[in-house]
RNA sequence: GCCCCCAUCGUCUAGUGGACUAGGACGCAGCCCUUUCAAGGCUACGACCGGGGUUCGAAUCCCCGUGGGGGCACCA
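See the structure below:
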């Protein structure tokens, strides 16, 4: 079966941090493009200069690359349909706005923001729908031209049909019918000469040969406007796919600032940059977000390559999805376990370094099998493995006392363990475990007590990777030194 | 207020008129394994929003409620 290559685009505005919603749409765009042998395009929608924040565009590009969603065309890689930044396409929009005016589908409007605001407030007072009152809709063209020539500021508004209905087709919801009288004459070109989203996106999607437009369902409200603009130009429509929105974990409403702050307190975030810092991996984030809005029957642990194979716009779901961070943990941990030792080592290294630990590569490789299945996020490596890279550990004295025993008994155990370990020619776990177990048998203490003291002594913590394997990595000298120190602590208690 | 969209376990979802005793995953609970914490294995709990139709037959189609979400800017 041969399919037509799809051209898809992610079109974020650089107005803040790149978030999960953008990542998911980008993923679907990427999957469709790759599956069909088409292209995935990045377009920056920066037409609102006031809201543009410095660095946001870079964060989007970095975020996409971190996720592994390499775009085929974009501001920093170029492409045949550039430029890919809307502020650099000003003339294109202006000429297209003129086409619409000439065809009678749009008109200049001289209403001031102040007047518009007043009209809106009066309408609300009268319990009417806020809408443009049409003052400039039927202005005499000659008069309009004269006012423009006089330098009067103006916008261009799209002339919506007054009667009948607009039927717009969404791939997930079917035909959506809206009465035209509900529609408004929206501004498509602003006083500053830049377009609003409505014009810019439609023109660019056409100029850039986009075949499938995937976007959030918050665009459903202006969907009829958009198809009217496309039709006014006489262009073919792309396949429109309005994706479900993400709801906050409670399922009650969209993620808010407040909610985002709460997530951060719990060690989660909806911002891609944060997720990286928190130790989430692209595989986990992608797999997790892919499944919110895409119905996969079974085997839902997938690599991106597998997603490319299995993806279908037909199996996307239209209903809103509540964010579930516990599921993110699950997918993140699962993909960590799927990684090769070398790959995981390379990805863990920065997290150790970030903590100021001097990482020895040979040690790092050795500890991977010990900590891998204990990691939910990459930065968990600190709590499980920092002691491997420290000269010394500082166990809490009370932790050195085994359950049900006192300091004196614990010190006795530590001394015997020291002797046993010191008597071994090497500290491999094969060599050390049998005599220590024998000691457990003959001493009458239980394994938890004996090994617990050793664990705290050698790792400095009550929860750690497997004891004997850990000591083997730490080495004979360091292990003995740490046990010796524990004995001293216990003897002074 | 008006418009639009959505509706299966707590959550993400499978299901496209009979194969449904409604499947999977996360979480949760229990058990096994076990030197800690995990991982792994097994088991349990757990849903078709309500009411009307259509049909021999409805989770699946239609209508009306209800609930939830989104939108009504010279923002995207």
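Residue numbers (this note's numbering): 160 to 652.
We put the beta carbon where it would ideally sit given N, CA and C, even for glycine.
*Ends of the beta strand (DSSP E) at residue 178?*
Residue numbering aside, residue 178 sits at position 19 when the first chain is read from its first letter. Neither: residue 178 is in no beta strand (DSSP E) and is coded neither H nor E.
*With 16 as the cutoff for other CB atoms within 10 Å, does residue 385 come out buried or exposed?*
Stepping through the first chain from its first residue, residue 385 is reached at position 226. The residue is buried, with at least 16 neighbouring Cβ atoms inside 10 Å.
*Could you round the C-beta distance between residue 609 and residue 599 to whole angstroms and report it? I think they count as a contact, below 8 angstroms.*
Position 450 of the first chain, counting from 1, holds the residue named residue 609. Position 440 of the first chain, counting from 1, holds the residue named residue 599. That pair is a contact at about 5 angstroms.
*By DSSP, does residue 347 sit in helix, in strand, or in coil?*
Numbered from its first residue, the first chain carries residue 347 at position 188. Note: residue 347 maps to strand in three-state DSSP.
*asked:* Rounded to the nearest angstrom, what separates residue 306 and residue 337 at their Cα positions?
replied: The sequence position of residue 306 within the first chain is 147, counting from 1. The sequence position of residue 337 within the first chain is 178, counting from 1. For residue 306 and residue 337, the distance between alpha carbons rounds to 35 angstroms.
*Exposure of residue 652, with buried meaning 16 or more beta-carbon neighbours within 10 Å*: Counted from its first residue, the first chain places residue 652 at position 493. The C-beta of residue 652 has fewer than 16 other C-beta atoms within 10 Å across all chains shown, which makes the residue exposed.
*Three-state secondary structure (DSSP) at residue 330?*
Counting from one through the first chain, the residue named residue 330 turns up at place 171. Coil.
*Using three-state DSSP, classify residue 439 as helix, strand or coil.*
For the purposes of this step, residue 439 is taken as residue 280 along the first chain, with counting starting at 1. Coil, per DSSP.
*Compare the C-alpha of residue 405 against each of 196, 580, 182 and 426 and name the closest.*
On the first chain, residue 405 is found 246 positions in, with the first residue counted as 1. Checking every option, the nearest Cα to that of residue 405 belongs to 182.
*Under 8 angstroms Cβ to Cβ from residue 481, same chain only, skipping five residues before and after it: list those, please.*
Within the first chain, residue 481 is the residue found at index 322, counting from 1. If we look at residue 481 and ignore the five residues flanking it on each side, its Cβ neighbours are 405, 406, 407, 408, 409 and 410.
_Contact between the segment 502 to 520 and the segment 532 to 549 (3+ Cβ pairs under 8 angstroms)_ = yes
*So, using beta-carbon positions, are residue 162 and residue 195 closer together than 8 angstroms?*
To locate residue 162, count along the first chain from 1; it is residue 3. To locate residue 195, count along the first chain from 1; it is residue 36. Yes, the Cβ-Cβ distance between residue 162 and residue 195 is below 8 angstroms.
_Bridge partners - residue 295, DSSP secondary structure assignment_ = Against the first chain, residue 295 aligns to sequence position 136. Looking at the DSSP assignment, residue 295 forms no beta bridge with any residue, so it has no partner.
_Closest residue to residue 520 among 533, 503, 535 and 532 (Cα-Cα distance)_ = Working through the first chain from its first residue, we reach residue 520 at position 361. Of 533, 503, 535 and 532, the residue nearest in Cα terms is 503.
*Which whole runs of the alpha helix (DSSP H) in the segment 406 to 488 are 4 residues long or more, in chain order?*
416 to 424, 431 to 436, 441 to 449 and 463 to 469
*State whether the segment 261 to 273 contacts the segment 307 to 316, with contact taken as three or more CB pairs (one from each stretch) at a distance under 8 angstroms.*
The segment 261 to 273 vs the segment 307 to 316: in contact.
*Can residue 179 and residue 448 be called in contact, C-beta distance under 8 angstroms?*
Here residue 179 refers to the residue found at position 20 of the first chain. Here residue 448 refers to the residue found at position 289 of the first chain. It is a contact, given that the beta carbons lie within the stated cut-off.
_With a threshold of 7 angstroms on Cβ separation, who are the neighbours of residue 514 within its own chain once the five nearest residues in sequence on each side are excluded?_
Here residue 514 refers to the residue found at position 355 when the first chain is read from its first residue. 541 and 545, listed in sequence order.
_On a Cα-Cα basis, can you pick out the residue from 169, 640 and 224 that is closest to residue 369?_
Walking along the first chain from the start, residue 369 turns up at place 210. It is 169.
*asked:* Quick test of your reading: residue 191 and residue 470, contact by CB under 8 angstroms. State the CB separation rounded to the nearest angstrom.
replied: Position 32 of the first chain holds residue 191. Position 311 of the first chain holds residue 470. Rounded, the Cβ-Cβ distance is 7 angstroms, consistent with contact.
*asked:* If I follow the unbroken beta strand (DSSP E) through residue 268, where does it start and stop?
replied: For this step, residue 268 is matched to residue 109 along the first chain. Residues 265 to 268.
*Determine, using beta carbons only, whether residue 231 and residue 278 come nearer to each other than 8 angstroms.*
Within the first chain, numbered from 1, the residue matching residue 231 stands at position 72. Within the first chain, numbered from 1, the residue matching residue 278 stands at position 119. Result no, Cβ atoms of residue 231 and residue 278 do not sit closer than 8 angstroms.
*Apply the 10 Å Cβ neighbour rule to residue 383 and answer buried if 16 or more other Cβ atoms are within range, or exposed otherwise.*
Mapped onto the first chain, residue 383 falls at position 224. When all chains shown are included, residue 383 counts as buried.
*From which residue to which residue does the alpha helix (DSSP H) around residue 274 run?*
Taking the first chain and counting its residues from 1, one reaches residue 274 at position 115. Start and end: 272 to 284.
_What does DSSP give as the partner residue(s) for residue 401 in the beta ladder?_
Within the first chain, residue 401 is the residue found at index 242, counting from 1. Note: residue 401 sits in a beta bridge opposite 374.
*If I'm right that residue 582 touches residue 639 with Cβ under 8 angstroms, what's the distance once you round it to whole angstroms?*
Against the first chain, residue 582 aligns to sequence position 423. Against the first chain, residue 639 aligns to sequence position 480. Rounded, the Cβ-Cβ distance is 11 angstroms, inconsistent with contact.
_Reference residue 391; option with closest CA among 400, 444 and 365_ = The sequence position of residue 391 within the first chain is 232, counting from 1. The residue with the shortest Cα to Cα distance from residue 391 is 365.
*What's the C-alpha gap between residue 176 and residue 432?*
Residue 176 sits at position 17 when you count from the first residue of the first chain. Residue 432 sits at position 273 when you count from the first residue of the first chain. The straight-line gap from Cα to Cα measures roughly 8 angstroms.
*With a CB to CB cut of under 8 angstroms and the five nearest residues on each side skipped, what residues in its chain are close to residue 334?*
Within the first chain, numbered from 1, the residue matching residue 334 stands at position 175. Correct list, in chain order: 326, 327 and 328.
*Count the other C-beta atoms from every protein chain shown that fall within 10 angstroms of the C-beta of residue 165, then say buried if there are 16 or more, exposed otherwise.*
Residue mapping note: residue 165 aligns to position 6 of the first chain, counting from 1. Buried: at least 16 other Cβ atoms inside 10 Å.
*CA-CA distance, residue 497 and residue 459?*
Counting from one through the first chain, the residue named residue 497 turns up at place 338. Counting from one through the first chain, the residue named residue 459 turns up at place 300. Near 14 angstroms, if we compare the C-alpha coordinates of residue 459 and residue 497.
*Any alpha helix (DSSP H) of 4 or more consecutive residues that is wholly inside the segment 180 to 232*: The segment 180 to 232 contains these whole alpha helix (DSSP H) runs: 215 to 226.
*With respect to the alpha helix (DSSP H) encompassing residue 527, which residues constitute its N-terminal and C-terminal limits?*
Along the first chain, read from residue 1 onward, the residue named residue 527 stands at position 368. Taken as a continuous stretch (DSSP letters only), the alpha helix (DSSP H) holding residue 527 covers 520 to 530.
*asked:* Count Cβ pairs between the segment 639 to 649 and the segment 547 to 565 that sit closer than 8 angstroms; are there 3 or more?
replied: yes
*How long is the line joining the alpha carbons of residue 324 and residue 341, rounded to whole angstroms?*
If you number the first chain from 1, residue 324 lands on position 165. If you number the first chain from 1, residue 341 lands on position 182. Their Cα atoms are separated by approximately 9 angstroms.
*Within the chosen definition, does the segment 242 to 261 reach the segment 349 to 366 through at least 3 CB pairs nearer than 8 angstroms?*
yes
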